[in-house]
Amino acid sequence: MVSQPSVEELQQIARDGFGRDLSAEQAERYRGRLPVMGQAARLIDEWAARLDETAPAAVHRTPVECGNMDVTVGYSVQ
Amino acid sequence: MSQSDIAFSSIADLAPQLATGDLSPVDVTDAVLARIEQHNEQLNAYITVMADTARHAARAAESAIHAGHYLGPLHGIPVAVKDLYATRGVRTTFGSPLFADWVPDHDATVVERLKRAGAVILGKTNLHELAFGTTSANPHYGVVRNPWDVTCHPGGSSGGSASAVAGGLAYGALGSDTGASIRQPAACCGIVGLKPTYGRVSKFGVLPLSWSMDHVGPMTRTVEDAALMMQALAGYDARDPGCVSHAVPDYTAQLHGGLRNRRIGVARDFFFEECDPEVAGAVEAALGVFRDLGATVEDTALPDMHAARAAGVVILFSEAAAYHASNLRERPEAFSDEVRDQLDMGSFYTAVQYVQAQRMRRVLTDETSLAMAPYDAVVMPTSPVPATPIAPGLPGHASLRPRNTLPFNFISLPAISVPCGFTDSGLPIGLQVVGKAFDEAGVLRVAAAYERATPWRTRFPTL
Numbered sequence: 055m056v057s058q059p060s061v062e063e064l065q066q067i068a069r070d071g072f073g074r075d076l077s078a079e080q081a082e083r084y085r086g087r088l089p090v091m092g093q094a095a096r097l098i099d100e101w102a103a104r105l106d107e108t109a110p111a112a113v114h115r116t117p118v119e120c121g122n123m124d125v126t127v128g129y130s131v132q
Numbered sequence: 085m086s087q088s089d090i091a092f093s094s095i096a097d098l099a100p101q102l103a104t105g106d107l108s109p110v111d112v113t114d115a116v117l118a119r120i121e122q123h124n125e126q127l128n129a130y131i132t133v134m135a136d137t138a139r140h141a142a143r144a145a146e147s148a149i150h151a152g153h154y155l156g157p158l159h160g161i162p163v164a165v166k167d168l169y170a171t172r173g174v175r176t177t178f179g180s181p182l183f184a185d186w187v188p189d190h191d192a193t194v195v196e197r198l199k200r201a202g203a204v205i206l207g208k209t210n211l212h213e214l215a216f217g218t219t220s221a222n223p224h225y226g227v228v229r230n231p232w233d234v235t236c237h238p239g240g241s242s243g244g245s246a247s248a249v250a251g252g253l254a255y256g257a258l259g260s261d262t263g264a265s266i267r268q269p270a271a272c273c274g275i276v277g278l279k280p281t282y283g284r285v286s287k288f289g290v291l292p293l294s295w296s297m298d299h300v301g302p303m304t305r306t307v308e309d310a311a312l313m314m315q316a317l318a319g320y321d322a323r324d325p326g327c328v329s330h331a332v333p334d335y336t337a338q339l340h341g342g343l344r345n346r347r348i349g350v351a352r353d354f355f356f357e358e359c360d361p362e363v364a365g366a367v368e369a370a371l372g373v374f375r376d377l378g379a380t381v382e383d384t385a386l387p388d389m390h391a392a393r394a395a396g397v398v399i400l401f402s403e404a405a406a407y408h409a410s411n412l413r414e415r416p417e418a419f420s421d422e423v424r425d426q427l428d429m430g431s432f433y434t435a436v437q438y439v440q441a442q443r444m445r446r447v448l449t450d451e452t453s454l455a456m457a458p459y460d461a462v463v464m465p466t467s468p469v470p471a472t473p474i475a476p477g478l479p480g481h482a483s484l485r486p487r488n489t490l491p492f493n494f495i496s497l498p499a500i501s502v503p504c505g506f507t508d509s510g511l512p513i514g515l516q517v518v519g520k521a522f523d524e525a526g527v528l529r530v531a532a533a534y535e536r537a538t539p540w541r542t543r544f545p546t547l
């Protein structure tokens with residue numbers, strides 16, 4: 055059985071991850087998602103420090119490479 | 085053929101019989117409508133059944149085929165459409181009371197394409213509210229149930245589509261996938277679900293959840309059927325700014341190509357970490373099948389998938405909060421507590437975090453492409469767990485997580501879920517096959533070779 059974070063711990067996650075002060079009621083309400091979302095925020099911050107400072111945001115790049123089993127039959131506009 | 089035989093036939097098996105007139109689209113449609121009549125109350129797979137329209141379309145298909153105007157393998161085939169797609173003249177709810185009475189004046193591009201291919205639209209399938217969740221326990225339109233065990237979730241958000249296809253209530257269906265929503269329900273319901281490359285299939289007329297993570301694709305009982313549906317769906321559409329004009333191959337051409345001398349990578353880090361032992365066991369057994377088929381199977385490491393998932397979560401939640409901001413402000417009572425809370429939380433992330441996540445996306449996409457370069461495909465479990473019990477009060481997302489699927493929405497690569505076994509309690513297990521950008525044909529080839537070598541496609545649930 056995985057132990058549940060306390061309300062205080064959830065409030066700390068919100069402060070650290072999003073700079074938000076949640077009431078005890080809000081912390082309880084968001085209990086289901088808050089730990090994973092807080093973990094995501096922490097990973098983003100860690101990664102940001104490792105990114106090359108010239109790396110821009112993709113927003114949003116579509117891939118253009120072709121896989122090696124694709125049978126090319128010419129470009130089509132349907 | 086008995087009605088049950090007809091209902092569980094594949095599209096590929098039915099198509100030649102429809103083409104020659106040995107089987108009538110009207111009989112096929114009636115057989116499926118009879119099953120919907122019989123089982124939809126239990127499964128809640130459909131929100132709207134279009135019986136009259138479907139029969140009309142089936143009669144038109146029959147006349148056209150009889151007159152020598154056969155359109156191809158989807159002509160006269162009854163299919164379902166997730167109720168996230170606009171359908172002209174037919175109520176489109178998006179699984180939300182916000183749109184309970186909305187009747188669009190246009191079809192989504194993919195609905196248009198299915199109709200153009202001669203498919204018969206049976207109805208609109210149930211889904212997780214606004215496609216924002218993984219159980220399809222919809223508080224407004226009913227809880228969708230898994231045909232393999234009706235006490236379990238079918239997965240989501242395309243749970244109605246998965247339940248309908250698995251239960252013989254449609255031959256194929258449209259799903260949509262922002263983090264898991266085609267592949268995870270496909271795995272939970274023992275069917276095939278293909279999330280194509282971002283940009284391969286038009287999203288015009290589909291309610292967005294997260295613009296840069298949303299994908300549209302087919303859900304079917306066999307890999308060949310997925311290829312047949314993809315053939316109709318794929319291709320450029322100027323009405324979707326994310327759609328690309330890229331060569332559309334013949335998706336069935338390589339299905340029987342086999343796997344001799346192909347290289348399959350096994351991504352163990354991250355993807356096997358929180359796996360149910362029965363799921364991991366089924367995937368290990370699948371690796372043996374690949375070896376028996378002549379493929380080289382070796383462990384490989386993809387880049388930091390923990391980071392890919394984290395950044396994907398930030399992007400998905402932020403974009404969902406942005407899309408629904410005005411409705412959330414003006415009509416908060418029209419959202420369930422679950423979805424309203426998720427949207428609230430989406431607005432927690434800062435603009436800085438969103439931008440950093442998009443910067444990570446570029447780096448991780450490049451690194452993943454590099455890591456996948458030596459392989460024809462990389463495989464892992466689709467969902468770490470099989471379908472979970474429907475239990476009021478238990479948040480479905482706590483167990484049915486998009487953990488193994490969401491990274492490929494984030495980095496846009498094509499991925500398919502194909503059935504790879506059952507748990508001791510009879511619940512299906514899915515294997516995820518991931519390919520290079522725009523190599524849906526390669527992904528289908530690997531999945532088809534595996535499917536042919538295993539018995540899973542011949543098992544159907546008893547309702």
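Line order of the protein sequences matches chains H and E. Take 55 as the starting number for the first sequence in the working numbering and just add one per residue. Take 85 as the starting number for the second sequence in the working numbering and just add one per residue. A virtual CB, placed ideally from N, CA and C, is assigned to each residue, including glycine. Fair warning: this is a prediction, and the values are worked out from it, not measured in the lab.
Under a 10 Å Cβ-count criterion, residue 293 of chain E is classified as buried, with 16 or more other Cβ atoms of the shown protein chains found around its own Cβ. Residues of the stretch 55-66 of chain H that bring their beta carbon within less than 7 Å of a beta carbon in chain E are absent altogether.
Taking the beta carbon of residue 437 of chain E as reference, the chain H residues within 9 Å of it are 71, 72, 94, 95, 98, 99, 102, listed in sequence order. Taking all protein chains shown into account, residue 524 of chain E has 16 or more neighbouring C-beta atoms within 10 Å of its C-beta and is therefore buried.
About 7 Å separates the Cβ atoms of residue 465 of chain E and residue 515 of chain E, confirming a contact at the 8 Å cut-off. For a Cβ distance threshold of 7 Å, nothing in chain H lies close to residue 506 of chain E: the least Cβ distance comes to about 27 Å. Residue 433 of chain E has a beta carbon lying within less than 9 Å of a beta carbon in chain H.
Per DSSP, residue 322 of chain E is not a residue of any beta strand (DSSP E), being assigned neither H nor E. Going by beta carbons, residue 343 of chain E and residue 421 of chain E fall outside the 9 Å limit.
Only residues of its own chain outside the window of five on either side were considered, and among them 123, 127, 129, 231, 545, 547 have a CB closer than 7 Å to the CB of residue 251 of chain E, listed in chain order.
In the DSSP assignment, the residues bridged to residue 347 of chain E are E:380.
Secondary structure of residue 171 of chain E (DSSP, three-state): strand. In the structure shown, residue 248 of chain E falls within a helical segment according to DSSP collapsed to helix, strand and coil.
One thing to note: residue 177 of chain E has its Cβ within 9 Å of the Cβ of residue 132 of chain E. The C-alpha of residue 190 of chain E is placed about 29 Å away from the C-alpha of residue 150 of chain E.
Unbroken alpha helix (DSSP H) runs of no fewer than 4 residues, entirely contained in the stretch 403-469 of chain E, are found at 409-414, 421-430, 435-456, following chain order. A contact between stretches requires three or more CB pairs, one per stretch, nearer than 8 Å, and the stretch 260-271 of chain E fails this requirement with the stretch 136-151 of chain E. Segment contact: the stretch 315-324 of chain E against the stretch 272-285 of chain E, three or more CB-CB distances shorter than 8 Å; contact assigned.
Remark: C-beta atoms of residue 195 of chain E and residue 169 of chain E approach each other more closely than 9 Å. Taking 9 Å as the cut-off, the Cβ atoms of residue 373 of chain E and residue 103 of chain E do not count as close.
Contact annotation: residue 135 of chain E and residue 117 of chain E have beta-carbon atoms nearer than 9 Å.
In the three-state reduction of the DSSP assignment, residue 222 of chain E falls in the strand class, which pools E and B. Restricting attention to alpha helix (DSSP H) runs no shorter than 4 residues, the stretch 135-220 of chain E encloses them at 135-150, 193-200, ordered along the chain.
Below the 8 Å Cβ cutoff, chain H contributes 102, 105, 109, 110, 111, 112 as neighbours of residue 443 of chain E, in chain order.
In terms of CA proximity to residue 498 of chain E, E:456 leads the group E:223, E:222, E:543, E:456.
Taking 9 Å as the CB threshold, residue 395 of chain E lines the interface with chain H. Counted as a single uninterrupted DSSP element, the beta strand (DSSP E) harbouring residue 261 of chain E occupies residues 256-261.
In the three-state scheme derived from DSSP, where H, G and I count as helix and E and B as strand, residue 126 of chain E is classed as helix.
Straight across, the Cα-Cα distance linking residue 288 of chain E with residue 260 of chain E is about 12 Å.
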